[in-house]
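What follows is a single structure, written as structure tokens, with notes after it.
Protein chains in written order, with this note's numbering: chain X, 1 to 117; chain S, 1001 to 1287.
See below:
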């Protein structure tokens, strides 16, 4: 199998998985996402961002709020967390996905959480 | 923490970041030109913080925030590094087993010379920092070297900085291609992103001085070594320049180098040279 023919299969699996998610699981993804975002050993997003419900935020990035309005497509948020240097090569924000600080699943849970802000 | 009392304005900080991003790299030329680099480096900070007095940059985070500056000035009445100064002074005066002292290893008996370190040693072809020179002095006199990251080294450098307070940093780059290469190498290390977090030293100390990461206010890179060594409450003790470099690397999940590795020596050379003219303020005290 070539790498090319593998990709659509992976995408289909991802879609199937997301269709299967129940509302209860979505709820727990938001809670997981918040935990991951606040955890110093994981997202540690509070180092740089004010986020509702989080203590001792830093001031390097913008406050994270109204993100659903600003980025209606969740893929945009995923891309920012995966590797913001793509949009802005000079950014301070670590490339959480590219450098494997967070897994795809963890990023997805954080995006669920961000969409509630 | 007290720093919490300052109000956060996300959009304001975003604007500051956006401003900083346009000039993340503040050195001048393509060819190696330390004079032009130092000028561009200093001007970047002078323009970014027009209200900060030039000689104040050497006070790290305190130059960036009036509230903190006041707290610090009160602290200076009973400086937490006092014990290290006393210890350093005594160590300096106490002879080695062979009867010699540190004073025998340094120009002017080691007093009032902090501003000349690091220097480029043309015989060795490398940068020599004050910490390195102190350990070489010990070894030349038959004593075991001290750890670069522990209290003894901090006490010795604290005392030597204290006797040099107010003297303008005065680093020379001799007309030697190896000295220019060392400067350039230090500059490259300083601006190169590394580690899982993908930060360079400049990400924090050029792009974001005055900003907070969690509760800590980031010090500006200009004059950042003039206050070393520093007392930090977080360490409940003193830290040498070596300790701070290693800590900044490992806290951002980058692999730290060995203290006094060539590249750290070169970074120290670069950062000290671009601070020429700014006063020695060490030892410092930090929250």
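For each residue, glycine too, the CB sits at the ideal point set by N, CA and C. No experiment lies behind these values; they were computed from the predicted model shown.
Would you say residue i faces chain X, with C-beta separation under 8 Å as the test?
i, result
"residue 1286 of chain S", "no"
"residue 1251 of chain S", "no"
"residue 1065 of chain S", "no"
"residue 1214 of chain S", "yes"
So, at 7 Å on beta carbons, what are the nonlocal neighbours of residue i in its own chain, with the 5 sequence-adjacent residues on each side left out?
i, result
"residue 1115 of chain S", "1164, 1167, 1168, 1169, 1170 and 1280"
"residue 56 of chain X", "46"
"residue 1205 of chain S", "1218, 1219, 1220, 1221 and 1224"
"residue 1273 of chain S", "1034, 1038, 1171, 1173 and 1183"
Note down, in chain order, each residue of its chain lying with its Cβ closer than 6 Å to the Cβ of residue i, except the 5 sequence neighbours on either side.
i, result
"residue 1223 of chain S", "1057, 1058, 1275 and 1278"
"residue 34 of chain X", "113"
"residue 1256 of chain S", "1246, 1249 and 1250"
"residue 29 of chain X", "109 and 112"
So residue i is in the beta strand (DSSP E); what residue range does that whole segment cover?
i, result
"residue 1121 of chain S", "1119 to 1121"
"residue 1286 of chain S", "1284 to 1286"
Using the three-state DSSP reduction, which class does residue i fall into: helix, strand or coil?
i, result
"residue 117 of chain X", "coil"
"residue 1367 of chain S", "Coverage of chain S is limited to positions 1001 through 1287, which leaves residue 1367 of chain S absent and any answer about it impossible."
"residue 1216 of chain S", "strand"
"residue 995 of chain S", "Only positions 1001 to 1287 of chain S appear in this structure, which leaves residue 995 of chain S out of reach."
"residue 1174 of chain S", "coil"
"residue 16 of chain X", "Confidence is the limiting factor: at residue 16 of chain X the pLDDT is only 42, short of 50, which leaves the residue's position unreliable, though a coordinate-based value still follows. Helix."
"residue 1279 of chain S", "strand"
"residue 1168 of chain S", "strand"
"residue 107 of chain X", "helix"
"residue 1078 of chain S", "coil"
"residue 101 of chain X", "coil"
"residue 1183 of chain S", "helix"
Counting contacts by CB-CB distance shorter than 8 Å, is residue i in contact with chain S?
i, result
"residue 114 of chain X", "no"
"residue 103 of chain X", "no"
"residue 78 of chain X", "no"
"residue 107 of chain X", "no"
Under DSSP, the alpha helix (DSSP H) around residue i begins and ends at which residues?
i, result
"residue 1290 of chain S", "Nothing can be reported for residue 1290 of chain S, as the shown portion of chain S is limited to 1001 through 1287."
"residue 70 of chain X", "67 to 70"
"residue 1088 of chain S", "1082 to 1093"
"residue 1238 of chain S", "No alpha helix (DSSP H) holds residue 1238 of chain S; the beta strand (DSSP E) holding it covers 1237 to 1239."
"residue 1039 of chain S", "1034 to 1048"
"residue 1267 of chain S", "1262 to 1273"
"residue 1157 of chain S", "1151 to 1162"
Between which residues of its own chain and residue i is the CB-CB distance below 8 Å, once the five residues before and five after are set aside?
i, result
"residue 1120 of chain S", "1126, 1127, 1128, 1172, 1173, 1174, 1176, 1178, 1179, 1182 and 1269"
*the stretch 1062 to 1080 of chain S touching the stretch 1142 to 1151 of chain S, judged by at least three CB pairs closer than 8 Å*: The stretch 1062 to 1080 of chain S, when compared against the stretch 1142 to 1151 of chain S, does not touch it at the 8 Å Cβ threshold.
*Is the stretch 1149 to 1164 of chain S touching the stretch 1078 to 1091 of chain S, taking contact as three or more C-beta pairs under 8 Å?*
Under the Cβ criterion (8 Å, minimum of three pairs), the stretch 1149 to 1164 of chain S counts as touching the stretch 1078 to 1091 of chain S.
*Cβ pair count under 8 Å reaching 3, the stretch 1042 to 1056 of chain S against the stretch 1180 to 1194 of chain S*: With the cut-off at 8 Å, the stretch 1042 to 1056 of chain S and the stretch 1180 to 1194 of chain S do not touch.
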